[in-house]
Amino acid sequence: MTFSEFGRRIKANDSTGTDHGSAAPLFLFGNCVNPGILGTNPVITNNVGNDEGVAMQYDFRSVYASILIDWFELAPSIVSEILFAEFQKLPIIEGCSPVATDEQNKDFNFVFNTYPNPADRKVNLSFESANEFIRISVFDPLGSEVKLLYSGRMQSGQHQMELLIEDLKPGNYFIRLASDHAQNTKLLVKL
164 MTFSEFGRRI
174 KANDSTGTDH
184 GSAAPLFLFG
194 NCVNPGILGT
204 NPVITNNVGN
214 DEGVAMQYDF
224 RSVYASILID
234 WFELAPSIVS
244 EILFAEFQKL
254 PIIEGCSPVA
264 TDEQNKDFNF
274 VFNTYPNPAD
284 RKVNLSFESA
294 NEFIRISVFD
304 PLGSEVKLLY
314 SGRMQSGQHQ
324 MELLIEDLKP
334 GNYFIRLASD
344 HAQNTKLLVK
354 L
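If you read the sequence shown in my numbering, its first letter stands for residue 164, the second for the next number, and so on.
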(Lines of atoms letter the chains of each structure in order from A and count residues from 1; the text may use other names and numbers.)
(Lines give C-alpha, C1' and ligand atoms only; values in the text may rest on other atoms or scores of the structure.)
Protein backbone atom coordinates (compact mmCIF):
# COMPACT_ATOMS: atom_id res chain seq x y z
CA MET A 1 0.00 0.00 0.00
CA THR A 2 1.30 3.41 -0.89
CA PHE A 3 0.40 6.38 1.23
CA SER A 4 1.57 9.88 2.01
CA GLU A 5 1.28 11.97 5.14
CA PHE A 6 -0.22 14.73 3.00
CA GLY A 7 -1.93 15.19 -0.33
CA ARG A 8 -1.24 17.79 -2.99
CA ARG A 9 -2.96 20.89 -4.24
CA ILE A 10 -3.95 21.05 -7.88
CA LYS A 11 -1.91 24.09 -8.83
CA ALA A 12 1.85 24.37 -8.32
CA ASN A 13 2.84 27.26 -6.08
CA ASP A 14 6.32 27.78 -7.56
CA SER A 15 7.93 26.99 -4.20
CA THR A 16 6.45 29.98 -2.40
CA GLY A 17 5.34 27.79 0.46
CA THR A 18 3.72 24.49 1.07
CA ASP A 19 1.64 22.93 -1.65
CA HIS A 20 0.29 20.25 0.67
CA GLY A 21 -3.33 19.45 0.03
CA SER A 22 -6.08 17.21 1.26
CA ALA A 23 -6.33 14.48 -1.41
CA ALA A 24 -3.90 12.01 -2.96
CA PRO A 25 -4.04 8.72 -4.85
CA LEU A 26 -3.47 5.52 -2.90
CA PHE A 27 -2.34 2.28 -4.56
CA LEU A 28 -2.63 -1.29 -3.28
CA PHE A 29 -0.49 -4.10 -4.69
CA GLY A 30 -0.54 -7.84 -4.10
CA ASN A 31 -2.29 -11.14 -4.57
CA CYS A 32 -5.04 -10.29 -2.10
CA VAL A 33 -6.07 -7.05 -3.77
CA ASN A 34 -9.31 -6.92 -5.73
CA PRO A 35 -8.06 -5.61 -9.10
CA GLY A 36 -9.52 -2.41 -10.43
CA ILE A 37 -9.95 1.25 -9.64
CA LEU A 38 -12.21 2.80 -7.04
CA GLY A 39 -13.27 6.36 -7.67
CA THR A 40 -13.52 8.48 -10.78
CA ASN A 41 -11.20 10.88 -12.53
CA PRO A 42 -11.59 14.34 -11.02
CA VAL A 43 -12.92 17.17 -13.15
CA ILE A 44 -10.49 20.07 -12.93
CA THR A 45 -11.52 23.40 -14.39
CA ASN A 46 -9.13 25.89 -16.01
CA ASN A 47 -9.65 28.54 -13.34
CA VAL A 48 -8.22 26.71 -10.33
CA GLY A 49 -7.38 28.79 -7.29
CA ASN A 50 -3.99 28.57 -5.57
CA ASP A 51 -5.37 26.77 -2.52
CA GLU A 52 -7.76 24.39 -4.26
CA GLY A 53 -7.45 20.65 -3.98
CA VAL A 54 -9.06 17.64 -5.56
CA ALA A 55 -12.23 16.60 -3.76
CA MET A 56 -11.74 13.53 -1.59
CA GLN A 57 -13.66 10.49 -2.83
CA TYR A 58 -12.66 7.93 -0.18
CA ASP A 59 -11.34 8.58 3.30
CA PHE A 60 -7.98 6.81 3.72
CA ARG A 61 -9.31 5.39 6.98
CA SER A 62 -11.90 3.48 4.92
CA VAL A 63 -9.00 1.75 3.18
CA TYR A 64 -7.34 0.94 6.51
CA ALA A 65 -10.64 -0.30 7.98
CA SER A 66 -11.29 -2.52 4.96
CA ILE A 67 -7.83 -4.10 5.18
CA LEU A 68 -8.12 -4.65 8.93
CA ILE A 69 -11.55 -6.29 8.56
CA ASP A 70 -11.13 -8.28 5.33
CA TRP A 71 -7.47 -9.27 5.49
CA PHE A 72 -6.59 -9.29 9.19
CA GLU A 73 -10.10 -10.41 10.21
CA LEU A 74 -10.55 -7.86 12.97
CA ALA A 75 -14.10 -7.37 14.16
CA PRO A 76 -15.65 -4.11 12.88
CA SER A 77 -16.19 -3.00 16.50
CA ILE A 78 -12.44 -3.31 17.20
CA VAL A 79 -11.60 -1.41 14.01
CA SER A 80 -13.95 1.38 15.12
CA GLU A 81 -12.08 1.56 18.43
CA ILE A 82 -8.72 1.71 16.65
CA LEU A 83 -9.81 4.39 14.16
CA PHE A 84 -12.09 6.22 16.67
CA ALA A 85 -15.08 6.01 14.31
CA GLU A 86 -16.83 3.77 11.80
CA PHE A 87 -15.76 4.04 8.18
CA GLN A 88 -17.09 2.78 4.89
CA LYS A 89 -15.90 -0.75 4.05
CA LEU A 90 -14.49 -0.84 0.52
CA PRO A 91 -14.33 -3.90 -1.78
CA ILE A 92 -10.53 -3.88 -2.04
CA ILE A 93 -9.50 -7.27 -0.60
CA GLU A 94 -10.50 -10.64 -2.09
CA GLY A 95 -9.22 -14.18 -2.16
CA CYS A 96 -6.79 -13.64 0.67
CA SER A 97 -5.88 -16.19 3.28
CA PRO A 98 -5.95 -14.43 6.64
CA VAL A 99 -3.85 -17.20 8.20
CA ALA A 100 -0.88 -15.91 10.18
CA THR A 101 2.54 -16.52 8.65
CA ASP A 102 3.39 -18.76 11.62
CA GLU A 103 0.56 -21.07 10.53
CA GLN A 104 1.63 -20.97 6.88
CA ASN A 105 5.24 -21.75 7.74
CA LYS A 106 4.48 -24.54 10.19
CA ASP A 107 4.56 -27.28 7.51
CA PHE A 108 7.47 -25.75 5.61
CA ASN A 109 10.65 -27.51 6.69
CA PHE A 110 13.86 -25.73 5.68
CA VAL A 111 16.77 -27.20 7.60
CA PHE A 112 20.15 -25.63 7.00
CA ASN A 113 22.68 -28.37 7.63
CA THR A 114 25.70 -27.37 9.65
CA TYR A 115 28.34 -29.04 7.60
CA PRO A 116 29.79 -26.51 7.67
CA ASN A 117 28.47 -23.15 8.84
CA PRO A 118 30.63 -21.10 9.16
CA ALA A 119 32.05 -22.23 5.84
CA ASP A 120 34.72 -21.24 3.36
CA ARG A 121 33.95 -23.28 0.21
CA LYS A 122 30.51 -24.88 0.31
CA VAL A 123 27.36 -25.30 2.38
CA ASN A 124 24.89 -28.17 2.17
CA LEU A 125 21.18 -27.38 2.23
CA SER A 126 18.39 -29.78 3.07
CA PHE A 127 14.70 -28.97 2.81
CA GLU A 128 11.34 -30.50 2.08
CA SER A 129 8.92 -29.12 -0.46
CA ALA A 130 5.62 -29.88 -2.11
CA ASN A 131 5.38 -29.93 -5.91
CA GLU A 132 5.93 -26.18 -6.20
CA PHE A 133 8.13 -23.33 -7.36
CA ILE A 134 11.29 -22.89 -5.27
CA ARG A 135 13.82 -20.06 -5.34
CA ILE A 136 17.06 -20.20 -3.33
CA SER A 137 19.15 -17.03 -3.17
CA VAL A 138 22.04 -15.60 -1.18
CA PHE A 139 21.85 -11.99 0.00
CA ASP A 140 24.51 -9.73 1.44
CA PRO A 141 23.86 -7.72 4.65
CA LEU A 142 22.58 -4.78 2.56
CA GLY A 143 19.84 -6.94 1.04
CA SER A 144 21.35 -7.31 -2.44
CA GLU A 145 21.03 -10.71 -4.06
CA VAL A 146 24.61 -11.87 -4.70
CA LYS A 147 23.95 -15.44 -5.82
CA LEU A 148 21.03 -17.41 -7.20
CA LEU A 149 21.33 -21.12 -6.42
CA TYR A 150 18.04 -22.34 -7.85
CA SER A 151 14.83 -21.02 -9.37
CA GLY A 152 12.24 -23.44 -10.69
CA ARG A 153 9.68 -26.12 -9.94
CA MET A 154 10.64 -28.98 -7.64
CA GLN A 155 8.86 -32.27 -7.10
CA SER A 156 7.47 -33.16 -3.69
CA GLY A 157 9.93 -34.61 -1.22
CA GLN A 158 13.19 -34.11 0.60
CA HIS A 159 15.90 -32.24 -1.33
CA GLN A 160 19.67 -31.83 -0.88
CA MET A 161 21.65 -29.07 -2.58
CA GLU A 162 25.23 -27.88 -2.45
CA LEU A 163 25.92 -24.16 -2.39
CA LEU A 164 29.40 -23.16 -3.57
CA ILE A 165 30.56 -19.98 -1.82
CA GLU A 166 34.26 -19.74 -2.70
CA ASP A 167 33.58 -16.58 -4.73
CA LEU A 168 32.00 -14.72 -1.79
CA LYS A 169 34.06 -12.37 0.36
CA PRO A 170 34.31 -13.27 4.07
CA GLY A 171 31.39 -11.99 6.11
CA ASN A 172 27.75 -12.58 6.94
CA TYR A 173 25.22 -13.54 4.28
CA PHE A 174 21.63 -14.75 4.27
CA ILE A 175 20.30 -17.73 2.38
CA ARG A 176 16.63 -17.33 1.49
CA LEU A 177 14.46 -20.21 0.37
CA ALA A 178 11.04 -19.19 -0.94
CA SER A 179 8.24 -21.42 -2.15
CA ASP A 180 4.73 -20.81 -3.43
CA HIS A 181 3.41 -20.57 0.12
CA ALA A 182 6.25 -19.69 2.47
CA GLN A 183 9.80 -18.51 2.89
CA ASN A 184 12.64 -18.96 5.33
CA THR A 185 15.97 -17.20 5.75
CA LYS A 186 19.10 -18.51 7.45
CA LEU A 187 22.35 -16.81 8.38
CA LEU A 188 25.49 -17.99 6.58
CA VAL A 189 28.94 -17.03 7.87
CA LYS A 190 31.58 -17.08 5.11
CA LEU A 191 35.13 -17.52 6.41
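Virtual Cβ for every residue (Gly too), placed ideally from N, Cα, C. All figures in this text were calculated on a predicted structure; none of them were measured in a lab.
I'd like the list of long-range same chain contacts for residue 191, defined as Cβ closer than 7 Å, with 5 residues on each side in sequence excluded.
164, 255
I need the straight-line Cα distance from residue 281 to residue 339, nearest angstrom please.
16 Å
Cβ-based burial, residue 120 [other Cβ within 10 Å; buried from 16]
Beyond the ends of the chain as shown, which are 164 and 354, falls residue 120; an answer cannot be given.
Report yes or no: do the region 297-316 and the region 329-338 share at least 3 C-beta pairs separated by less than 8 Å?
yes
To which residues of the same chain is residue 405 closer than 7 Å at the C-beta, ignoring the five residues directly before and after it?
Outside the shown range of the chain (164 to 354) lies residue 405, about which nothing can therefore be said.
Kindly indicate which three-state DSSP category residue 187 falls into: helix, strand or coil?
coil
Going by DSSP, what residues sit across from residue 246 in a beta bridge?
Its beta-bridge partners do not exist; DSSP assigns none.
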